[in-house]
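So the sequence shown is numbered by the working numbering: it starts at 46 and just counts up by one. The structure appears right after this line, and notes come after that.
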Amino acid sequence: MLAALFFVSTQAFSQDVVGTWKTIDDETGKAKSHVKIYKNKSGVVFGRVVKILDPKKRDATCSKCPEKYNGFGKKGQKVLGMLILKGLAKDDDEYNGGNIFDPNKGKSYRCYITLKGKDKLKVRGFIGTRYVGRTQYWYRVK
Numbered sequence: 046m047l048a049a050l051f052f053v054s055t056q057a058f059s060q061d062v063v064g065t066w067k068t069i070d071d072e073t074g075k076a077k078s079h080v081k082i083y084k085n086k087s088g089v090v091f092g093r094v095v096k097i098l099d100p101k102k103r104d105a106t107c108s109k110c111p112e113k114y115n116g117f118g119k120k121g122q123k124v125l126g127m128l129i130l131k132g133l134a135k136d137d138d139e140y141n142g143g144n145i146f147d148p149n150k151g152k153s154y155r156c157y158i159t160l161k162g163k164d165k166l167k168v169r170g171f172i173g174t175r176y177v178g179r180t181q182y183w184y185r186v187k
C-alpha cells in the first residue's frame, strides 16, 4: 500500500508539457504569443496559438503559408488559432518525432521539446540533423 501511495504521489507531482506557454522570439528576445500545448487520447502532443501579445498583430494572417493546407495552415488563415506544433511523442525526457510550424516564414521543421524545470520549455526546430536549427525557450503561463 505504501508503494502504491508513493507511485500516485510522484505521478501527481511530475511535470508535463501540457499547458499554456509564452513564446519568446529567439532572434529578438521579445514575447510573441501564447501557445496551448495539449495531448490527444494516444498521448501525442499538439500546440495551437491561443493569444498574440502584440495588439497590432492580433488579426494577422499567414501571408507566407502555402496556397493549399499543409497540415498547419494555408495562405490567408489567421495565425490566432493556428496549429503550430504536432505529432510529438514522449521519448524518455523529451517529446520528439513531430513538427513545428513558423507562420512568419511559412515553413515547418522537425522538432523536439524538453522541459527545463517546471516552467521552462526548450523548443528546438531543425532541418535534417538536430544540430542545424533554432532553439527557443517558452515559459509557462500561470
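The beta carbon of each residue, even a glycine, is placed where N, CA and C say it ideally should be.
Check: First and last residue of the uninterrupted beta strand (DSSP E) at K135; Outcome: L128 to D136
Check: Cβ neighbour criterion (16 or more within 10 Å) applied to V124; Outcome: buried
Check: Buried versus exposed, by CB contacts within 10 Å (16 or more), V177; Outcome: exposed
Check: Spatial distance of F91 from N85 (CA atoms); Outcome: 8 Å
Check: K131 classed as buried or exposed, judged by whether at least 16 other C-beta atoms fall within 10 angstroms; Outcome: buried
Check: Counterpart residues of R93 in DSSP-defined beta bridges; Outcome: K81 and L128
Check: Where T73 falls, given that 16 or more other Cβ within 10 Å makes a residue buried; Outcome: exposed
Check: Inter-residue CB distance, V95 and T68 (contact presumed, cutoff 8 Å); Outcome: Not confirmed; about 11 Å, so no contact.
Check: Limits of the unbroken beta strand (DSSP E) element including T73; Outcome: Looking at the DSSP string, T73 is not in any beta strand (DSSP E), and its letter there is neither H nor E.
Check: Q181: first and last residue of the uninterrupted beta strand (DSSP E) it sits in; Outcome: G178 to R185
Check: Assigned secondary structure, K101 (DSSP; H/G/I helix, E/B strand, else coil); Outcome: helix
Check: Helix, strand or coil at Y114 according to DSSP, with G and I counted as helix; Outcome: coil
Check: Close beta carbons around D104, own chain, < 8 Å, minus the five adjacent residues each side; Outcome: K123 and L125
Check: Contact set for F117: own chain, Cβ-Cβ below 7 Å, skip 5 residues either direction; Outcome: M127, L128, I129, F146 and S153
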